[in-house]
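*Asks:*
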Amino acid sequence: MGNRAEEDYNFVFKVVLIGESGVGKTNLLSRFTRNEFSHDSRTTIGVEFSTRTVMLGTAAIKAQIWDTAGLERYRAITSAYYRGAVGALLVFDLTKHQTYAVVERWLKELYDHAEATIVVMLVGNKSDLSQSREVPTEEARMFAENNGLLFLETSALDSTNVELAFETVLKEIFAKVSKQRQNNARTNAVTLGSGPAGQELGPGEKRACCISL
Amino acid sequence: MVVQAKKRELKEAQRRKKQLEERCRLEESIGNAVLTWNNEILPNWETMWCSRKVRDLWWQGIPPSVRGKVWSLAIGNELNITHELFDICLARAKERWRSFSTGGSEAETEDAGFSAADREASLELIKLDISRTFPSLCIFQQGGPYHDMLHSVLGAYTCYRPDVGYVQGMSFIAAVLILNLDTADAFIAFSNLLNKPCQMAFFRVDHGLMLTYFAAFEVFFEENLPKLFAHFKKNNLTPDIYLIDWIFTLYSKSLPLDLACRVWDVFCRDGEEFLFRTALGLLRLFQDVLTRMDFIHVAQFLTRLPEDLPAEEFFASIASIQMQSRNKKWAQVLTALQKDSREMEKGSPSLRH
Chain A
1 MGNRAEEDYN FVFKVVLIGE SGVGKTNLLS RFTRNEFSHD SRTTIGVEFS TRTVMLGTAA
61 IKAQIWDTAG LERYRAITSA YYRGAVGALL VFDLTKHQTY AVVERWLKEL YDHAEATIVV
121 MLVGNKSDLS QSREVPTEEA RMFAENNGLL FLETSALDST NVELAFETVL KEIFAKVSKQ
181 RQNNARTNAV TLGSGPAGQE LGPGEKRACC ISL
Chain B
1 MVVQAKKREL KEAQRRKKQL EERCRLEESI GNAVLTWNNE ILPNWETMWC SRKVRDLWWQ
61 GIPPSVRGKV WSLAIGNELN ITHELFDICL ARAKERWRSF STGGSEAETE DAGFSAADRE
121 ASLELIKLDI SRTFPSLCIF QQGGPYHDML HSVLGAYTCY RPDVGYVQGM SFIAAVLILN
181 LDTADAFIAF SNLLNKPCQM AFFRVDHGLM LTYFAAFEVF FEENLPKLFA HFKKNNLTPD
241 IYLIDWIFTL YSKSLPLDLA CRVWDVFCRD GEEFLFRTAL GLLRLFQDVL TRMDFIHVAQ
301 FLTRLPEDLP AEEFFASIAS IQMQSRNKKW AQVLTALQKD SREMEKGSPS LRH
């Protein structure tokens with residue numbers, strides 16, 4: 001399955017894509033993992049998956065992305081998919097205010113089910129349709145700031161900021177993981193003299209490990 | 001070299017001839033099947049539909065020209081929906097679309113409990129989803145020949161069952177029906193189909209009941225494919241990851257349309273258990289590759305099945321799945337699990353979810 005490079009990685013990060021139906025989650029994902037955009041993509045029912053491996057410094061990070069259905073009624077099911085996620089892109093459509101107005105509800109849902117330290121980015125998608133914008137950039141940015149979220153505006157159609165959005169989230173997660181590992185090493189150094197080999201994952205090690213923060 | 005080339009040519013010609021013969025045979029058998037369905041089975045539906053002979057013919061796939069009729073008869077009309085009722089529901093739906101587009105939504109408050117905003121969201125969602133239903137066929141999208149029909153069936157349903165409303169997945173089911181039936185008959189089949197216990201559980205997103213269905217599925221999964229079952233368990237591949245899409249859309253989104261219709265054929269004959277049997281048939285068909293994959297590859301594979309699924313192998317694989325577990329049939333296993341979960345609920349309500 002896949003090519004060799006795709007299978008060589010040091011970390012696996014689970015990232016979920018959430019937000020209202022029709023905001024462009026599936027297209028953001030296909031733009032990031034396959035550089036494709038489809039004007040007539042099919043409705044997502046339940047969950048779909050994609051992966052892409054990116055290099056951060058010397059570490060290969062495999063992003064395992066869960067693209068969830070946006071329908072409100074499905075939330076009872078989809079929230080189970082948040083478990084174990086270390087990153088999330090909470091997407092709204094900047095040309096439809098309604099999809100932004102419910103962002104707080106999505107956040108609550110996410111924090112209820114995902115890891116407490118999950119890295120979340122608020123993403124205003126469809127920036128190519130700026131003439132029909134209904135959500136001012138500053139308003140969304142303020143909201144993100146006040147809630148400790150990262151923020152970007154993207155266009156899956158013309159690719160603007162799509163790479164940057166995913167990579168920023170992955171970097172932030174990686175930074176947290178690295179910090180945590182350092183802390184663990186320090187604690188271990190004090191209490192045990194040396195860290196237990198099983199928990200340490202050196203950058204050179206070709207071993208998969210699903211990290212939870 | 002010339003001899004070799006001649007040989008190859010001859011071989012190729014033979015292959016083509018064989019292919020043509022095969023094709024003729026297939027067309028002839030479809031032609032014969034149409035005659036049998038039209039002249040023998042359909043006029044004597046009540047007495048014949050459960051006979052061995054009809055069941056066998058049914059398994060081969062219903063010819064497209066009689067498919068809609070057979071589906072309608074098999075699904076039935078327990079709800080006694082008439083064409084007039086469809087017209088009434090559709091007229092109400094149209095009235096709503098008009099009032100929403102002119103912004104007069106405040107005036108209407110007849111359905112207590114279902115706010116205007118909810119209904120509007122539902123209508124918006126229908127519009128959005130229609131454009132995302134079988135996009136590659138280009139017939140349901142705005143301006144396409146079946147766009148209005150799909151819109152009508154879904155809109156009428158939200159007026160007929162405001163308590164259920166529109167749920168994603170419905171557009172695929174309605175679309176498949178529309179491909180085989182007139183609008184009003186499609187609506188009747190659609191409403192009755194969604195009224196079946198399994199479909200109601202899923203479309204109302206009754207989480208507890210859905211989990212019971214998954215649990216029943218796993219009983220038969222373990223029974224039929226113990227090795228793969230263990231592999232899935234080890235990798236945390238829970239049924240919700242792949243079954244939700246398959247069950248909600250009755251495979252119409254995940255399988256090529258001709259195969260999906262054949263699954264629907266037997267689903268109409270055998271009921272909900274065939275949906276789960278189909279799932280096991282798929283898992284069995286790809287058992288070897290799946291056992292070698294890790295979590296993410298299995299998840300990706302099952303949520304995006306190969307497009308060139310071999311029809312005969314697929315149905316042979318389904319046929320070899322036994323829907324009996326320790327002498328218990330699907331319905332018995334499901335009922336027993338339902339009873340268990342009800343008792344657990346009574347004992348410790350907090351354990352649920």
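Chains as they are written, first to last, in the UniProt record's numbering: chain A, 1 to 213; chain B, 1 to 353.
Built from N, CA and C at the ideal position, the CB exists for glycine as well.
Identify each residue in the region 116-140 of chain A for which the Cβ-Cβ distance to at least one residue of chain B is less than 7 Å, and report them in chain order.
*Replies:* Against chain B - using a Cβ distance shorter than 7 Å - the region 116-140 of chain A contributes no residues.
*Asks:* Taking residue 99 (chain A) as the query, report the chain B residues whose CB atoms sit under 9 Å from its CB, ordered along the chain.
*Replies:* Near residue 99 (chain A) there are no residues of chain B at all, since even the closest Cβ is about 11 Å away, more than 9 Å.
*Asks:* Would you list, in chain order, the members of the region 31-62 of chain A that have their beta-carbon closer than 9 Å to a beta-carbon of chain B?
*Replies:* Against chain B - using a Cβ distance shorter than 9 Å - the residues of the region 31-62 of chain A are 38, 39, 40, 41, 42, 43, 44, 45, 46, 47, 48, 49, 50, 51, 62.
*Asks:* Select from the region 216-250 of chain B all residues with a C-beta closer than 7 Å to any C-beta belonging to chain A, and list them in chain order.
*Replies:* Taking 7 Å as the Cβ-Cβ cut-off against chain A, the residues of the region 216-250 of chain B that qualify are 240, 241, 244, 245, 248, 249.
*Asks:* Kindly indicate which residue of B:24, B:66, B:16 has the alpha-carbon position closest to the one of residue 35 (chain B).
*Replies:* It is B:66.
*Asks:* Mark residue 365 (chain B) as exposed unless 16 or more other C-beta atoms lie within 10 angstroms of its C-beta, in which case mark it buried.
*Replies:* Coverage of chain B is limited to positions 1 through 353, which leaves residue 365 (chain B) absent and any answer about it impossible.
*Asks:* Using only the alpha-carbon positions, how far apart do residue 103 (chain A) and residue 124 (chain B) sit?
*Replies:* Each residue's Cα considered, the two are about 18 Å apart.
*Asks:* If you drop the 5 nearest sequence neighbours on each side, which residues of the same chain put their C-beta closer than 6 Å to that of residue 93 (chain B)?
*Replies:* 155, 156, 159.
*Asks:* Determine, for residue 161 (chain B), whether the minimum Cβ-Cβ distance to residues of chain A falls below 9 Å.
*Replies:* Taking Cβ atoms only, chain A never reaches closer than 9 Å to residue 161 (chain B), which makes this a no.
*Asks:* Beta-carbon within less than 6 Å of residue 50 (chain A)'s beta-carbon, same chain only, minus the 5 sequence neighbours each way: which residues are those?
*Replies:* Excluding positions up to five away in sequence, the list reads 29, 33, 65.
*Asks:* Output, in chain order, the set of chain B residues within a Cβ distance shorter than 8 Å of residue 64 (chain A).
*Replies:* Correct list: 296.
*Asks:* Check the DSSP bridge columns for residue 152 (chain A) and list the partner residues they point to.
*Replies:* Bridge partners of residue 152 (chain A): A:123.
*Asks:* For the beta strand (DSSP E) that contains residue 66 (chain A), what are its first and last residues?
*Replies:* Residues 59-68.
*Asks:* First and last residue of the beta strand (DSSP E) that includes residue 89 (chain A)?
*Replies:* Per DSSP, residue 89 (chain A) belongs to the beta strand (DSSP E) from 87-93.
*Asks:* Taking only beta-carbon positions, decide if residue 105 (chain B) is within less than 9 Å of chain A.
*Replies:* Here the model assigns residue 105 (chain B) a pLDDT of 46, short of 50, so the residue's position is not dependable and the matter cannot be decided.
*Asks:* Whole angstroms are fine: how far does the CA of residue 319 (chain B) sit from the CA of residue 46 (chain B)?
*Replies:* Rounded to whole angstroms, residue 46 (chain B) to residue 319 (chain B) spans 25 Å at the Cα level.
*Asks:* Tell me where the beta strand (DSSP E) around residue 55 (chain A) begins and ends.
*Replies:* Its beta strand (DSSP E) spans residues 47-56.
*Asks:* Let me confirm a value: residue 15 (chain B) is counted as buried when at least 16 other C-beta atoms fall within 10 Å, else exposed. Which label applies?
*Replies:* Exposed is the call here.
*Asks:* Could you tell me which chain B residues have their CB closer than 8 Å to the CB of residue 144 (chain A), listed as they occur along the chain?
*Replies:* In chain order: nothing, as chain B lies at least about 25 Å away.
*Asks:* Comparing C-alpha positions only, which one of B:263, B:95, B:80 sits nearest to residue 317 (chain B)?
*Replies:* Comparing Cα positions, the closest option is B:263.
*Asks:* With three or more beta-carbon pairs closer than 8 Å as the criterion, would you say the region 183-197 of chain B touches the region 90-109 of chain A?
*Replies:* No contact exists between the region 183-197 of chain B and the region 90-109 of chain A.
*Asks:* How about residue 200 (chain B): is its C-beta nearer than 9 Å to some C-beta of chain A?
*Replies:* So no, residue 200 (chain B) is outside the interface.
*Asks:* Buried or exposed, going by whether 16 or more other CB atoms sit within 10 Å of the CB of residue 3 (chain B)?
*Replies:* When all chains shown are included, residue 3 (chain B) counts as exposed.
*Asks:* Does the CB of residue 147 (chain B) have a neighbour CB from chain A at under 9 Å?
*Replies:* False, the Cβ-Cβ gap to chain A never drops below 9 Å.
*Asks:* Does residue 16 (chain A) pass the burial test, meaning 16 or more other C-beta atoms within 10 Å, or should it be called exposed?
*Replies:* Under this definition residue 16 (chain A) is a buried residue.
*Asks:* When you measure from the CB of residue 205 (chain B) to every non-hydrogen atom of the ligand COA, does any distance come out below 8 Å?
*Replies:* Looking at this structure, you won't find the ligand COA or any other ligand, since it has none at all.
*Asks:* Would a check of beta-carbon distances place residue 105 (chain A) closer than 9 Å to chain B?
*Replies:* Output row for residue 105 (chain A): interface = no.
*Asks:* Would the region 170-183 of chain A and the region 52-71 of chain A be scored as touching if the rule is three or more Cβ pairs under 8 Å?
*Replies:* Verdict: yes, contact present.
*Asks:* Report yes or no: do the region 287-303 of chain B and the region 76-87 of chain A share at least 3 C-beta pairs separated by less than 8 Å?
*Replies:* As far as the Cβ criterion goes, the region 287-303 of chain B does not touch the region 76-87 of chain A, which means the pair count is below three.
*Asks:* Does residue 74 (chain A) come within less than 9 Å of chain B when only Cβ atoms are used?
*Replies:* Chain B contact via Cβ: present.
*Asks:* Contact check, residue 175 (chain B) vs residue 212 (chain B) under 8 Å by CB: the rounded distance?
*Replies:* Contact flag wrong, Cβ pair sits at about 29 Å.
*Asks:* Please list the residues of the region 121-136 of chain B that have a C-beta atom closer than 9 Å to any C-beta atom in chain A, keeping them in chain order.
*Replies:* From the region 121-136 of chain B, only 121, 124, 125, 128, 129, 131, 132, 133, 134, 135, 136 have a Cβ closer than 9 Å to chain A.
*Asks:* Closer than 7 Å, Cβ to Cβ, to anything on chain B: give me those residues from the region 10-32 of chain A, in chain order.
*Replies:* Listed by position along the chain: 21, 22.
*Asks:* In the DSSP output, what is residue 13 (chain A) paired with across the bridge?
*Replies:* DSSP lists A:63 as partners of residue 13 (chain A).
*Asks:* Within 9 Å (strictly less), CB to CB, does residue 85 (chain A) reach chain B?
*Replies:* No - not a single Cβ of chain B is within 9 Å of the one on residue 85 (chain A).
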